[in-house]
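Residue numbers (the numbering used here): 694 to 1124. Note that beta-carbon positions come from the ideal geometry of N, C-alpha and C, so glycine has one too.
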Amino acid sequence: MDQPNPPLGWSSPELPLCAAAVRANPYRFFPGRAAKRLASEPPPASTRHAVYRDVSFCLLCPLRGGLKSDTTCLTQRPNSVNTPNDARDTTTDRAHLLDSFVANSSWAGSQSVALAGDASRRRYHRLTDASSGRTAILMDAPPEAGEDVRPFVKVDTYLSGIGLSAPEIYAADEQLGFLILEDFGTDVYDQVCVQHPEREPELYDAAVDALVTLCSAEPMQGLEDYVPRMADLALSCYRWYAEPILGRDMADEAVAAKAALQPLIDSLCPERVTILRDYHAQNLLWLPEREGAARVGQLDFQDAMLGPPAYDLISLTTDARRDVSEQIRNRCMMRFCDQLGLNRVDFTRQAAICSVQRNLRILMVFARMSLHFGRINYLDLIPRVWGHLQRDLDHPELQALAALLRAHLPEPTPSALQTLKEKCGTIPTLQ
694 MDQPNPPLGW SSPELPLCAA AVRANPYRFF PGRAAKRLAS EPPPASTRHA VYRDVSFCLL
754 CPLRGGLKSD TTCLTQRPNS VNTPNDARDT TTDRAHLLDS FVANSSWAGS QSVALAGDAS
814 RRRYHRLTDA SSGRTAILMD APPEAGEDVR PFVKVDTYLS GIGLSAPEIY AADEQLGFLI
874 LEDFGTDVYD QVCVQHPERE PELYDAAVDA LVTLCSAEPM QGLEDYVPRM ADLALSCYRW
934 YAEPILGRDM ADEAVAAKAA LQPLIDSLCP ERVTILRDYH AQNLLWLPER EGAARVGQLD
994 FQDAMLGPPA YDLISLTTDA RRDVSEQIRN RCMMRFCDQL GLNRVDFTRQ AAICSVQRNL
1054 RILMVFARMS LHFGRINYLD LIPRVWGHLQ RDLDHPELQA LAALLRAHLP EPTPSALQTL
1114 KEKCGTIPTL Q
């Protein structure tokens, strides 16, 4: 079990990050380990609000999507906690502000246990009310480190409004970046599937049903369209994955690849739905006591955008962190198409395009997490991502793009990955 923290006002040095906790969501925590922020320094002022998070990573990028800066606040707001003015004005450490926030909420006096963090600068605690035994999750998202809880609050409200299970927000101080959230427990999808493999079809069926609910709803207002960014983000893999391995500039090859990829992206269906962009087994919790799509607890959705219906299904079935069988992939595809009345042949083509784009971008992200942030363990996930990419490049309508990518991009052999590992943490800028 985790060791209870001292009072919330207490601050301790950060502990070394264990490999298993590098990408644990707030509801996965590890014995004897406090959470540690993965990013080692605050972002430049020009990218303060450019925290781009997808497929379980944190990437500072000026091409951030998500909520527009001029989005009107929703009329429905969670319970607001007014941290005393003297606490807001003080320059004392953040732990004091956090302590004051909790003390002025209905969770005053609760016990706190640090949870393993995710790949961002956010930190989490599990709060336990001593009298009732109720629990909640305390999120600490420092604005000075580029975090902003307002998109989370807005998307949370939207998801709850369409009948999906997003955590209820018990208390919030959006200015300081503090939230107290409903605790969905510890039944993370990937763990349940390992412990009870016979239940995997049921869990994935429910996850698909939640996506059907999302795609059937009126899209969330105020979100940007992801599609115009797709090609450039995908082909950043030349700069961050291929060039460090091959040791040469590949700008011309990237231009040629974009000329082949962009028409495919342009051919995606014009319909736009709300996409969560990080919809996979480590961000979903199993809530069997609920019914229908509400059995799927939603996490890590603050970077929602507008995009093609296939995108989140691909996130689920071409998981960068666990193997999803062909049987489950096909089952999900058929269930999704049947419930939404989609043509399977056309949808398979669109899914292949989305998968290629997504996995090219993940190659970039995982390489960049190692080269810039020093997170070398991300490199161990690249062979699985490469396998997803090769499978979907086999689609007959992607032959021209496949020929270019297979000629340009090096396979992640042990030697290639070792080259990346030797350069871990050596690129100091985000250019």
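Count the other C-beta atoms from every protein chain shown that fall within 10 angstroms of the C-beta of residue i, then say buried if there are 16 or more, exposed otherwise.
i       : result
ARG746  : Unreliable placement is indicated for ARG746, whose pLDDT of 31 sits below 50; no coordinate value is reported for it.
PRO1128 : The chain is shown only over 694 to 1124; residue 1128 falls outside these bounds and no answer can be derived.
ARG814  : buried
MET1027 : exposed
SER929  : buried
VAL1038 : exposed
ASN718  : The pLDDT assigned to ASN718 is 37, lower than 50, so where the model puts this residue is not dependable, and the model offers no usable value.
VAL1049 : buried
SER793  : buried
ASP786  : exposed
ALA780  : Because ALA780 sits at a pLDDT of 42, beneath the cut-off of 50, its placement in the model cannot be relied upon, and the point is left open.
ASP945  : exposed
ALA809  : buried
SER805  : buried
Name the one or two DSSP bridge partners that residue i has.
i       : result
HIS1211 : One cannot answer for residue 1211 here, as it falls past the ends of the chain, which runs 694 to 1124.
GLN991  : LEU977
VAL881  : LEU978
THR967  : LEU999
ASP918  : LEU999
SER858  : GLY990
What residue from the options has the CA that sits closest to residue i's CA?
i       : options                              : result
TYR919  : LEU1113, THR967, LYS951 and PRO956   : THR967
TRP800  : ILE1007, ASN1023, GLU911 and LEU872  : LEU872
ILE1007 : ARG1042, GLU867, ARG1068 and ASP1031 : ARG1042
ASP1016 : VAL1038, ALA974 and TRP979           : ALA974
GLN1107 : ILE1120, ALA1093 and LEU1074         : The sequence shown places Pro at residue 1107, not Gln. Closest option to PRO1107, Cα to Cα, is LEU1074.
SER960  : PHE1040, SER1018, LEU907 and ARG1014 : PHE1040
ALA950  : ALA1095, VAL887, MET998 and PHE845   : ALA1095
VAL881  : LEU1102, ASP866, LEU831 and ALA900   : ALA900
THR906  : ILE830, ARG970, GLY985 and ASN1023   : GLY985
ALA807  : SER793, ALA829 and ILE1055           : ALA829
GLY990  : ILE1120, ASP883 and SER824           : ASP883
ALA859  : VAL1058, GLY878, VAL885 and ALA1003  : GLY878
VAL1078 : ALA1013, ARG1022 and GLN1111         : ALA1013
GLN914  : ALA997, PRO1002 and GLN955           : ALA997
Could you give the distance in angstroms between the alpha-carbon of residue i and the alpha-carbon of residue j?
i       : j       : result
ILE958  : TYR934  : 22 Å
GLU893  : LEU1086 : 27 Å
GLY839  : GLN995  : 14 Å
ALA947  : ASN1052 : 16 Å
GLU982  : TYR897  : 16 Å
MET943  : GLU1090 : 25 Å
ARG843  : ALA1093 : 42 Å
CYS1071 : SER1063 : Reading off the sequence, residue 1071 comes out as Tyr, not Cys. The straight-line gap from Cα to Cα measures roughly 7 Å.
PRO1105 : GLU1019 : 22 Å
PRO1076 : GLU867  : 39 Å
Any heavy atom of the ligand PLP closer than 6 Å to the CB of residue i?
i       : result
GLY1080 : What this structure holds is no ligand at all, so the ligand PLP is not there to describe.
With a cut-off of 8 Å on the beta carbons, I'd call residue i and residue j a contact; round off their distance for me.
i       : j       : result
SER803  : ASP822  : 5 Å
LEU1082 : ILE938  : Wrong, their Cβ atoms sit about 15 Å apart, outside the cutoff.
LEU820  : LEU869  : About 17 Å separates the two Cβ atoms, so there is no contact after all.
CYS874  : ILE862  : Checking the sequence shown, residue 874 turns out to be Leu, not Cys. That pair is a contact at about 6 Å.
VAL795  : LEU852  : With a Cβ gap of about 25 Å, VAL795 and LEU852 do not count as contacting.
LEU978  : LEU969  : Not really, about 14 Å apart at Cβ, beyond 8 Å.
LEU999  : GLU917  : 7 Å
LEU1097 : ALA953  : 6 Å
CYS1025 : THR1011 : No, CYS1025 and THR1011 are not in contact; Cβ-Cβ is about 11 Å, not under 8 Å.
GLY1118 : GLY1067 : 3 Å
Does the CB of residue i have a neighbour CB from chain D at under 7 Å?
i      : result
VAL905 : Given the protein chain composition of this structure (a single chain), no chain D is represented.
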